[in-house]
Amino acid sequence: MFLFAVGCGKSPSQKLTALSEEFVYSSLAFSPSTATATGLHQYQKQNLDEMLDDFSEQNRARQRTFYEKFRDRLADLNSAGLTPEDRADLTILQDQIAINLLDLTEIHSHQHSPQLYVETLGNALFAPYVLEYAPKPDRIRHIIARLRNVPLYLDQAANNLASAPDVWNQVAIDENQGNVNLVDKEIRAGVPPDQTESYARAARVALDAMTKFDKFLRNSLHDRNNYDWRLGGNIYPRKFRYMLQSGSEADDTLQHAERDLITVRARMLELALPLHRAAFPSHKDHTDLTGADRENAVIGEVLGKIADRHADRDSYLDDARKDLDEARAFVREKHLLTLPPRANLQVIPTPEFMRGSYPVGGFNAAPALEPQLGAFYWVTPIPASWPKERVDSKLREYNFYKLKLLTIHEAMPGHYVQMEIANDVQPKARRVLRSVFGNGPYIEGWAQYSTQAMLDEGFLAHSPELALTFAKEELRVLANTILDVRLQMLGMTDQEALDLMEKQTFQEVEEATAKLQRAKLTSAQLPMYYVGWRAWIKTRDEYKQAKGSAFSLADFNDRALKEGAVPIPALGSLLK
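First residue of the sequence shown? That's 651 in this note's numbering, and the numbers climb one at a time after it.
What follows is the structure, encoded as structure tokens:
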């Protein structure tokens, strides 16, 4: 049980610390599935590990009241008496409240997002299965308790869902089947013998409810598909502001990204020309073409040649594991930063119930309250049912070089290293706040910036093929930003989006199709890579200029990571 004292006689910093603790634990308690994954198991005499999230109207009203009152309590703080570290934490709290209230009062995800319910349920069952926070029999008992609550939970979902766009509904259908497989196959196979009967009874009830929910999605909700996934010019700019905490607005960010797209393509042409002359001497560098046509021809042919070197369907996951070992060895050799002492990273297939949102892969951090537990680098397998052309498209996109970049980004020294170091931030209240509600551009920006640092330091012996592949990655980051802003608030069509990805940023058909779906499933997340990357480079350059000859890249990286995921504009001032 947690007690919070926010009273008279305390300094503004002490009051903020107490408020921060209260906010984090109370917010987590609203979502037992997230609480388990974060390492919060008991709260106010409730065993959160045995509960599912409550999306009832009564609980949503309770959340809304909590966030509104907490907003007012923060406004009463004497912010002039706060330290720069405190002010960074205050910004996180204020924007997290704003995001939640925006969803509860205007977006209403609970009425339109079936995948919200499916993914929340999947996480509620998967976390106690893979996180060893208690002996396995205890964790299976927690799963059994949650399985018994599945019928009520999914009935609540069906009652809440008023309408949904087709793309959201189809993803929910696919991921619901992932939950079925999780319960009926993966978890069932790991249940201790003396719990099999109890598990089977609970699983049967849950699986029946999932089957019923599948029929609801395919029939009833399918016919109510008139909801627009676009947030529009009123809501989207505010969500962009609250989620990115970057100091820049959506329209300005779009303009910068579109200008940078032109610059990066010109740089790619210069990188590609020597490779093109070696691989295609008869093509004469396509000097008969000019402008974008020449760029497309030269760069496209070289990238196509690079893409020929790739894994096969069966070796894809093992290649990612080898790439992880290679990247770790390079970070140590070059001493790019101080690696965290824990060795708790596992490379595993992306859980089925998350593959709609993570078609390629992702990173799942160790729990902020139990950082000694596992962290996971997810790599999404290529389905056995895919035809050859889809498999080839995926493997060509995530070829020998791109798979290395993905592993650097997600794991070493990207998200895994960043999150592990963040899990040692002190004091505890600050660590948990910045881990649970950390700034997205800081997190995604670090992964992009650290990948660039690896190449700058000579990873893969300054391979020109890797350099061009990473420049393509830079184009993709720019396309992510352009897609998100234009799709969400400027009416960009599917074909315009696909043309941007396939014709201007050299993405394979499979990648472009998956990214378009992701852009429809999320909002104000895809620009985080670009905004954060620019900010990390700017912060490092300013730090280097201030330090002069005393500058050390490892020192900068260590100091910046030891802050945790602060709002990205605050990072530079915290390093002074």
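Beta carbons are placed, not taken as given, at the ideal position from N, Cα and C, and that holds for glycine.
Need the endpoints of the beta strand (DSSP E) that residue i sits in, please.
i       : result
Tyr1027 : 1025–1029
Val997  : 995–999
Asn1014 : 1011–1014
Can you name the start and end residues of the alpha helix (DSSP H) that residue i belongs to?
i       : result
Leu1053 : 1050–1060
Gly882  : 882–894
Gln905  : 900–929
Ala819  : Per the sequence presented here, residue 819 reads as Asn, with Ala not at that position. Taken as a continuous stretch (DSSP letters only), the alpha helix (DSSP H) holding Asn819 covers 816–831.
Phe863  : 846–865
Lys934  : Per DSSP, Lys934 belongs to no alpha helix (DSSP H) and is neither H nor E.
Tyr1008 : Careful: Tyr1008 lies outside any alpha helix (DSSP H) and carries neither H nor E.
Pro1021 : Run containing Pro1021: none; DSSP gives neither H nor E here.
Val674  : 662–680
Tyr803  : 800–810
Gly772  : 764–780
Label residue i either buried or exposed according to how many other C-beta atoms from any shown protein chain fall within 10 Å of its C-beta, with 16 as the threshold for buried.
i       : result
His760  : buried
Lys1044 : buried
Pro1063 : buried
His985  : exposed
Pro1219 : buried
Tyr675  : buried
Thr903  : buried
Glu1002 : buried
Phe1201 : exposed
Ser870  : exposed
Asn810  : buried
Glu1160 : buried
Nearest-angstrom Cα distance between residue i and residue j?
i       : j       : result
Asn1049 : Ala685  : 37 angstroms
Leu752  : Ala977  : 40 angstroms
Ile747  : Ala738  : 15 angstroms
Thr1227 : Glu1115 : An answer regarding residue 1227 cannot be provided, because it is not within the stretch 651 to 1226 covered by the chain.
Val1010 : Pro999  : 10 angstroms
Leu1118 : Leu921  : 6 angstroms
Trp1096 : Ser932  : 41 angstroms
Ser706  : Lys1194 : 52 angstroms
Gln1076 : Ala795  : 35 angstroms
Val1041 : Val817  : 22 angstroms
Gly840  : Asn697  : 23 angstroms
Asn799  : Leu857  : 11 angstroms
Glu1146 : Leu1133 : 9 angstroms
Asp973  : Ala1025 : 17 angstroms
Ala900  : Ile749  : 16 angstroms
Lys1054 : Met1004 : 22 angstroms
Met651  : Thr688  : With a pLDDT of only 43 at Met651, under the threshold of 50, the placement of this residue in the model should not be trusted, and no figure is reported.
Lys1170 : Asn819  : 12 angstroms
Gly1006 : Asp726  : 42 angstroms
Asp834  : Trp1036 : 23 angstroms
Arg909  : Leu1221 : 26 angstroms
Ser1085 : Ile1093 : 10 angstroms
Lys1226 : Asp736  : 15 angstroms
Leu678  : Gln1167 : 29 angstroms
Lys862  : Asp1205 : 56 angstroms
Leu882  : Arg891  : Before going further, note that residue 882 is Gly rather than Leu in the sequence given. Their Cα atoms are separated by approximately 14 angstroms.
Leu781  : Glu1020 : 10 angstroms
Ser898  : Gln692  : 39 angstroms
Check whether the Cβ atoms of residue i and residue j lie closer than 8 angstroms to each other.
i       : j       : result
Ala1072 : Gly1214 : yes
Leu1125 : Leu923  : no
Asn831  : Met860  : no
Thr770  : Asp703  : yes
Phe673  : Phe720  : yes
Ala929  : Val952  : yes
Val855  : Leu797  : yes
Tyr1066 : Tyr1027 : yes
Met1139 : Tyr886  : yes
Asp864  : Ile823  : yes
Ala907  : Leu1128 : yes
Gly1313 : Met893  : Residue numbering for the chain in the displayed model covers 651 to 1226; residue 1313 lies beyond these limits and cannot be assessed.
Pro1217 : Thr715  : no
Pro815  : Asn875  : yes
Ala1185 : Ser896  : yes
Ala993  : Met1069 : no
Asp935  : Val948  : yes
Ser683  : His762  : no
Leu1083 : Pro734  : no
Which one or two residues does DSSP pair with residue i in a beta bridge?
i      : result
Asn697 : Gln692
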